[in-house]
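In terms of this note's numbering, the sequence shown is residues 141 to 332.
Let me begin by presenting the structure, written as structure tokens, before commenting on it.
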Amino acid sequence: GFTPQNLANTAWAFACIGWSNLDFFVALLSSLSTVNRASLNDVELSQLHMVSLHFQQEFTDQKFPLAHIQSELLTAFKSQEPRPSKLQRDVAAAFSRIGWDHTFEFETREGLSLDMAQPETMTAIEVDGPTHYLIKGKGKHRIENGRTKFKSRILRQLGWAVIHVPYFEWDALIDFAVQDAYLRSKINSGKK
């Protein structure tokens, strides 16, 4: 049989790719509803929180099979402290420089941590370093990894406009004037 970790990882992986089969998720998550809570660590509980967000978006009229531990899932998810990078701080400083008012490290009511946000306009800024990408071919082509795509999809389903600032684009900007123009363009193209 599957261990609780196997079940949590599998549920997360299928939610990550946007799998939309109610029977599959109910069967998988119902198996987890009977396990000892102590057999799941914070990473697995955090994964299950993201699964719950996917479930709620995909199956709006269904009760989440792990609703009885929903608060524990959220607590575990929120316990992962954000660690802002120098890149993220540089981008935030540039947004301030161009007068784009934002909150640094904003947390949505669903517990999602945004690098920067304008909650009143539901605009999220995600500064994506190398760990957000998979390298295809000889290192020239980068594609967002599943975790990054999953978070963006959930945010969009929740009504957020999501603007990504990839590290490889930012690193190519030679001075403040070029950075400022780049961010203005991102903001203008990211408006709903």
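Here a beta-carbon is modelled for each residue, glycine too, at the ideal position from N, C-alpha and C.
This structure is a prediction, so every number in the text was calculated from the model and none was measured.
| Item | Value |
| --- | --- |
| Contact check, F217 vs Q210, beta carbons under 8 angstroms | no |
| Extent of the continuous beta strand (DSSP E) to which E184 belongs | Per DSSP, E184 belongs to no beta strand (DSSP E); it is in the alpha helix (DSSP H), 182-198. |
| S253, enclosing alpha helix (DSSP H) - first and last residue | Premise fails: S253 lies in the beta strand (DSSP E), 253-258, not in any alpha helix (DSSP H). |
| Spatial neighbours of E212 in its chain, beta-carbon cut-off 8 angstroms, leaving aside the 5 residues before and after | R177, L185 |
| Endpoints, the beta strand (DSSP E) within which R282 is located | 281-284 |
| Residue burial classification, Q220 (beta-carbon count within 10 angstroms, cutoff 16) | exposed |
| Straight-line gap, E309 to T174 (C-alpha atoms, nearest Å) | 47 angstroms |
| Between the CA atoms of F246 and N181 - distance to the nearest angstrom | 25 angstroms |
| H304 CB to nearest heavy atom of the ligand GTP below 7 angstroms | Looking for the ligand GTP in the displayed structure turns up nothing, as the structure carries no ligands at all. |
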